[in-house]
Structure formats: structure tokens, C-alpha cells
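One structure is given below, encoded as C-alpha cells.
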Amino acid sequence: MSNRSDRLWMYGAMVKSRHFEALIKPAYFEGKTPVFNMAKGPLPGEMHLSDGQEPCAVGVCAHLRPGDTVTATHRPHHVAIAKGVNLDAMAAEIFGKATGLSGGRGGHMHLFDARVNFACSGIIAQGLGPAVGAALASKLRGEDHVAVAFLGEGAANQGAFHEALNLASVWKVPAIFVIEDNAYGISVAKRDCTAVARNADRAAAYAMPGHFIPGNDPDAIYALAGEAIARARRGEGPSLIEIETCRLEGHFMGDAEAYRPAGEVERLKAADPIPAYRDRLLADGFDAADLDTAETDARAVVDAAFAAARAAAYPQPEEAFDHVFA
Numbered sequence: 001m002s003n004r005s006d007r008l009w010m011y012g013a014m015v016k017s018r019h020f021e022a023l024i025k026p027a028y029f030e031g032k033t034p035v036f037n038m039a040k041g042p043l044p045g046e047m048h049l050s051d052g053q054e055p056c057a058v059g060v061c062a063h064l065r066p067g068d069t070v071t072a073t074h075r076p077h078h079v080a081i082a083k084g085v086n087l088d089a090m091a092a093e094i095f096g097k098a099t100g101l102s103g104g105r106g107g108h109m110h111l112f113d114a115r116v117n118f119a120c121s122g123i124i125a126q127g128l129g130p131a132v133g134a135a136l137a138s139k140l141r142g143e144d145h146v147a148v149a150f151l152g153e154g155a156a157n158q159g160a161f162h163e164a165l166n167l168a169s170v171w172k173v174p175a176i177f178v179i180e181d182n183a184y185g186i187s188v189a190k191r192d193c194t195a196v197a198r199n200a201d202r203a204a205a206y207a208m209p210g211h212f213i214p215g216n217d218p219d220a221i222y223a224l225a226g227e228a229i230a231r232a233r234r235g236e237g238p239s240l241i242e243i244e245t246c247r248l249e250g251h252f253m254g255d256a257e258a259y260r261p262a263g264e265v266e267r268l269k270a271a272d273p274i275p276a277y278r279d280r281l282l283a284d285g286f287d288a289a290d291l292d293t294a295e296t297d298a299r300a301v302v303d304a305a306f307a308a309a310r311a312a313a314y315p316q317p318e319e320a321f322d323h324v325f326a
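Note that full-length UniProt numbering has the sequence shown beginning at 1, numbered continuously upward.
Listed below in C-alpha cells is the structure:
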């Protein structure tokens, strides 16, 4: 794809992710009122939305191939969609249906699609080790595949972060570590739990390039990620990218967000990256009709995926012990 077609794809993928989560919201609260009970309804358990963080996913994944590996966090939908995870199976998995990616066993925090080498986990920093392993495997096989580990800024304080960066650099593997800095680890502000202002500065301790991208800017992310991924494919080793992004919703659905300063959410929503990117594309000469078509197409495939997920059957009770290690 040319840069122009990449930008149109990025816009459509961001709209697709946002619409996907817009349909999750009412479904999640079904059966959970008048008294909120996380265990009730068709989507029981926690639900973490990625509204606002879409630029991080599309700017990086625009450069990736199906053979490249991506690991993501407990807030995974935007990354999964940008990597090309099967949307019908992903929606079905979130609804716990038999047609889901893992037969309804994993739910929204444990999405796996081997077809495009995507995985995520509810355990903080869990995906870094597997990403380094995938990158090492690619190097040993003489392939030019890369591995990308997405993580939150809170995960940069986990031991697994430092172990993964150290080994990635020692082995000079084609790995890219992408920190989505939304300023909060659950309800704790980054400034209250992290000793350094920029996690990108930590890259120097592991002899790899460290980059900081301000402003939640899809084009800036695209440009820098392209350089880091090309560098990795050339065999020049890992890179760390820290992206200043935002979380437009709470840590999880139902979060009262009492820890947020007054006016913060309103300020962030006023800078919503999706309408801002549409305005930029129009200013750069894109046709409004093309953007409208991208939006319509994105919403249509999401609507179809949710309709299919709603209609799909649940797994049979006797299947509960299938795929269990004895």
C-alpha cells in the first residue's frame, strides 16, 4: 500500500475499532441493572475499552504482515482489529460462543488468532516474553518476521519488562516494544508510580533506541514505527516506542473514575483522535466520500459480526473439559 492508502486504511480501522466497542457498551450492561453486577448479562466479567488508543494500533500494524507476531494487553480490541484478527470469531469469543476464537473459553482479555499470530493476556506484561521468543524464532529460522509487544505504561514497572528488553538486546532480535501511555495504571497516575517521566529513556539501559511520540498522532506513529520495524527486519535489533495516548473511558466499564481530575475526560474527548484524523485527511486532500465509504464499510462488518455472535450457540456443557491439560 502507498502512504495514502495506508492512511485511509488507518482511518477505517480506527472507526472499526470504535464502532466495535460502541456495540459492546450496551451489550455489556444488559442484565447488570438496576444494581451493577459484573457477573450478570451476556458479557460477564470485566470489560476494558480502548477508546482513544486507536492511533497506537493502526500506526504500528499498518507496517505488519500476517507472519509477524503481535502480543497485546488486557485492553486489546484496537490492536486485534488492526492486526487483522477474524472479526466474527472475535465478537463470538467475547460473547462466550462456540464459534469464538477459543470456542468461548477465553473472553475479551484472552483473544488468540494463530492465523495472524495475535495473542493477548489479562496478566500485566505477560506478552513481552512470548514476543521476544517469537522474534528469536524468526531470527534463528533466517526469516524477516518481526514481533511487536504492546504494553501499558504501568507494565514498564514490571520485572518482565526489564527481562524482556535485556534479552531482546542481548540476542539482537527483531522485536519492537510499544508502550501505550494513557497516564493511568488502573486508577494510579503515572506520576505517582513511575520514577522517570519518559519510559522511552529506559531503552538506553538496554542498548536499544528509545523513541517518544507525543500527541496521539497516527501519522507520527506510522512514520516512527515504520523505521523501527524496517530496522528490525534488517537484523539491527529491537526498539522501544513510547506513545502518549489517552483512555477516553474508565479502566473498566462501570469504573466511577473518581480519581480523574475535574474536566479531564471532557478535555480528552474534545481531542478525540478519530474526528481529528478525519479533519486532517480532509485538509490533506482526501475526498469526504472516500472517508464516508470507509466509515460505512467499517460499521457494516462490525454490525454483521455482532449479529452473528448474538445468533451463535453457546458451547455444550460437556465441552468444559476439552482442551484442558491433565
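C-beta: ideal position from N, C-alpha, C; glycine also.
These numbers were taken from a predicted model, which means no experiment stands behind them.
Distance, Cα to Cα, residue 325 vs residue 118?
22 Å
State buried or exposed for residue 35, treating a residue as buried only when at least 16 other CB atoms are found within 10 Å of its CB.
exposed
How many angstroms separate the CA atom of residue 201 from the CA atom of residue 300?
42 Å
Does the segment 84-103 come close enough to the segment 308-320 that 3 or more CB-CB pairs lie under 8 Å?
yes
With DSSP as the reference, please indicate the residues paired to residue 181 in a beta bridge.
244
In the DSSP output, which residue or residues are listed as bridge partners for residue 151?
179
Reduced DSSP secondary structure (H/G/I, E/B, other) of residue 220:
helix
So the candidates are 164, 17, 22, 148; which of them puts its Cα closest to the Cα of residue 53?
Of the candidates 164, 17, 22, 148, the one whose C-alpha sits nearest the C-alpha of residue 53 is 17.
Alpha carbons only, please: which of 234, 122, 20 is nearest the one belonging to residue 305?
Considering only alpha carbons, the answer is 20.
N-terminal and C-terminal residue of the alpha helix (DSSP H) that residue 129 is part of:
128-141
Pick helix, strand or coil for residue 73, following the three-state DSSP scheme.
Residue 73: coil per DSSP, three-state reduction.
Write down every uninterrupted run of the alpha helix (DSSP H) in the segment 249-320 whose length is 4 residues or greater and which is fully enclosed by it, in chain order.
Complete alpha helix (DSSP H) runs here, min 4: 264-270, 273-283, 288-311.
To which residues of the same chain is residue 1 closer than 8 Å at the C-beta, ignoring the five residues directly before and after it?
The predicted model places residue 1 with a pLDDT of 48, which falls under 50 and marks its position as unreliable, so this point remains unresolved.
Is residue 126 buried or exposed, if buried means 16 or more other CB atoms sit within 10 Å of its CB?
buried
Expressed to the nearest angstrom, what Euclidean distance is found between the alpha-carbon atoms of residue 50 and residue 185?
14 Å
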